[in-house]
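Per my numbering, the very first residue in the sequence shown carries number 1384; after that it's consecutive. From the three backbone atoms N, C-alpha and C, an ideal C-beta is built for every residue, glycine too. Single-structure report; data block below.
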Amino acid sequence: MTTSISKRLTAAVGALALGILGAVAVATPASATPVTPDNVGNITGEAGSLTIHKYERDATSPLDPGTGEEIPGFTGVGLEGVQFTIQKVNTPSLTTPAGWDAVEAIAEAADPIAAATTAGLSPQTVVTTNSTGLATAASLPYALYLVTETASPSTVTDPAAPFLVTIPFPTGPDAENPNEWIYNVHVYPKNAVTGLEKTVVAPSEAELKYGDLARWQITADVPFLSGEDLTEFTVTDQVDPAQLAFVSDAQATTLGVAPTSVVAKAAGGAAVALVAGDYTITPSASSLVVNFTPAGLLKLQNQAQGGTVVVSVLTQVKVIPANGVIENDAVSVVNDSELTASKTTSVGQLKVLKYAKTDSNPEVSLNGAKFKLFLDEAGTKPVTVAGASEWTTATNGTLTIPALRPGSYWLVETAAPAGYQLDATPTKVEVVAGQSTTSTNFVKVENSQVPAWALPLTGGDGALWFGVGGAALVVMTVGIALLAARRRAAATA
């Protein structure tokens, strides 16, 4: 054979040391295996080993063909929990020329993986990468092996393609260290990975006045594909429709707040311009699905590898659970990877009791009192919940503001019940997560009746004073008449 077997396999399979389809990541070939009489000349021994170095693919991952040697100082983010099956191809022993002839025939086949499978495969050996991304299969008899990634973490978007490797592995005549045998072979297949994160967004200035709005942010990573195509990119926000409702763009415009949005960013943080045709947004009662179209997938593939897609979702709180904690789930599907992420937010409510005191009952409920809620004591920042900005006490004297962000508010009475005095003094209230109870998220406001006016007294004293008053009126009348007569007489004299 005049052509190096390693070159043939690398050209045919593209994966002798590192896997195919861009799953390679090595530096310039370097001789890490010491040159000794054991790894030059004829093949010695009967078995070797295969060490798999499994890392995340990133922007710096080179695409040089592998050499089978360990790379000094290689760094990367190791992937734990990746499972590989290693199967011996049923060919003659590699200590014989017939064995290498069989390897060459498989390498030159139109589909080397299929040719190896046709030749027959031995029972599999299974290895799984550790926390640093390493997995080693020891004591492998000299042979051609098919290595297949059979399980991986959910973050992996494209498992490494199956590859063929020989134990021992030849460096070939043109290598920096030619005509050597590598008995402990190292391979460096990489995976494209994605990630998913969900957060609660602090309300904007425009959103603060709406106590029942909650905004969520979903961040999905765009993987480094290294030659692969991005075939699917979907982000879904899932809610309990009994607790949350999605706010439509039209509703957001009416409220004067930002609607749900989709933003793409490149690896360096620069914005990737998206247009309406790049994705669709499909809401339902329980989910909101952002699905990138073929045009959008191509844009992410060409401009956003290593970057992110950020989805901002606006919801409205409908009903809160007893503990006031509402959960929101997100799901992303990127090629072969499906991830989930969850986040919770806290919501409270406020119950107001309006009452008056009597001698027989310290708390007589009063209906018809009206209140507003403000973010400030000066009353310049009113709060609106479910479209209402003023609430009225019912026949039991209570009103409930159904959903509020935990925090400090100012309660102001705007109209008193009939016959009672208005008390417009702002009352500071604290809202905590959860429904109202008799001890939390509950405030009592007392009203006083309008002042009473003096009425005539009843009984003897009353009659006496009426008599005295009548006599006084008679005396006054006689006196006035006498005075008038005297004045007339003086005028005629």
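Check: Which two residues bound the contiguous beta strand (DSSP E) that contains residue 1568?
Finding: 1567-1570
Margin query: Please classify residue 1509 as buried or exposed, where buried requires at least 16 other C-beta atoms within 10 Å of its C-beta.
Written below: exposed
Notebook entry, point to check: By a C-beta neighbour count over all protein chains shown, 10 Å radius and 16 as the cutoff for buried, is residue 1804 buried or exposed?
Noted result: With fewer than 16 other Cβ atoms from the protein chains shown falling within 10 Å of its own Cβ, residue 1804 counts as exposed.
Margin query: Can you give me the C-alpha to C-alpha distance between residue 1832 and residue 1737, rounded to a whole angstrom?
Written below: 13 Å
Notebook entry, point to check: Which residue or residues does DSSP assign as beta-bridge partners of residue 1788?
Noted result: Secondary-structure assignment with DSSP links residue 1788 through no beta bridge to anything.
Item checked: Whole-Å CB distance - residue 1700 paired with residue 1627, under 8 Å assumed -> 6 Å
Next item on the list: State buried or exposed for residue 1416, treating a residue as buried only when at least 16 other CB atoms are found within 10 Å of its CB.
Entry: Confidence in residue 1416 is poor, its pLDDT being 42 and thus under 50, which makes the residue's placement unreliable; the coordinate value appears in the next sentence. Burial call: buried.
Notebook entry, point to check: Shortest alpha-carbon distance to residue 1457 belongs to which of 1726, 1573, 1740 and 1697?
Noted result: 1573
Notebook entry, point to check: Does the distance from the C-beta atom of residue 1693 to that of residue 1766 stay below 8 Å?
Noted result: no
Next item on the list: Would you kindly work out how many angstroms separate the C-alpha atoms of residue 1460 and residue 1454, rounded to a whole number?
Entry: 15 Å
Next item on the list: Give, in chain order, every unbroken run of the alpha helix (DSSP H) that is at least 4 residues long and sits entirely within the stretch 1612-1648.
Entry: 1632-1638
Notebook entry, point to check: Once you ignore the five residues that flank residue 1822 on each side, which residues in its own chain have a CB closer than 7 Å to its CB?
Noted result: none
Next item on the list: Assess, as a yes-or-no matter, whether the stretch 1768-1776 is touched by the stretch 1802-1816 under the definition of 3 or more beta carbon pairs within less than 8 Å.
Entry: no
Next item on the list: With DSSP collapsed to three states, give me the class of residue 1487.
Entry: Reduced to three states, the DSSP call for residue 1487 is helix.
Note to self: Tell me which residue opens and which closes the beta strand (DSSP E) that residue 1731 is part of.
What the structure shows: In the DSSP assignment, residue 1731 falls within the unbroken beta strand (DSSP E) covering 1731-1739.
Notebook entry, point to check: If you scan the stretch 1459-1543 from start to end, which runs of the beta strand (DSSP E) of 3 or more residues do you find wholly inside it?
Noted result: Note on the stretch 1459-1543: whole beta strand (DSSP E) runs with a minimum of 3 residues are 1466-1471, 1508-1511, 1517-1524, 1526-1534 and 1539-1541, in chain order.
Checklist line | Cβ pair residue 1380, residue 1618 closer than 8 Å | finding: Nothing can be reported for residue 1380, as the shown portion of the chain is limited to 1384 through 1876.
Checklist line | Top-ranked residue by Cα proximity to residue 1667, from 1752, 1620 and 1688 | finding: Comparing Cα-Cα distances from residue 1667 to each of 1752, 1620 and 1688, the minimum goes to 1620.
Margin query: Could you check whether the Cβ of residue 1835 sits closer than 7 Å to any heavy atom belonging to the ligand GDP?
Written below: The ligand content of the structure shown is nil, which means the ligand GDP is not present either.
Notebook entry, point to check: If we call anything under 8 Å between Cβ atoms a contact, is residue 1676 one with residue 1652?
Noted result: no
Checklist line | Simplified DSSP state of residue 1742, which is helix, strand or coil | finding: In the structure shown, residue 1742 sits in coil (DSSP, three-state: anything other than H, G, I, E or B).
Check: To which residues of the same chain is residue 1710 closer than 7 Å at the C-beta, ignoring the five residues directly before and after it?
Finding: 1725 and 1727
Notebook entry, point to check: Does the beta-carbon of residue 1541 have 16 or more other beta-carbons within 10 angstroms, so that it is buried, or is it exposed?
Noted result: Per the 10 Å Cβ criterion, buried.
Notebook entry, point to check: In terms of residues, what are the limits of the beta strand (DSSP E) holding residue 1686?
Noted result: Counting along the chain, residue 1686 falls outside any beta strand (DSSP E), though it belongs to the alpha helix (DSSP H) covering 1677-1686.
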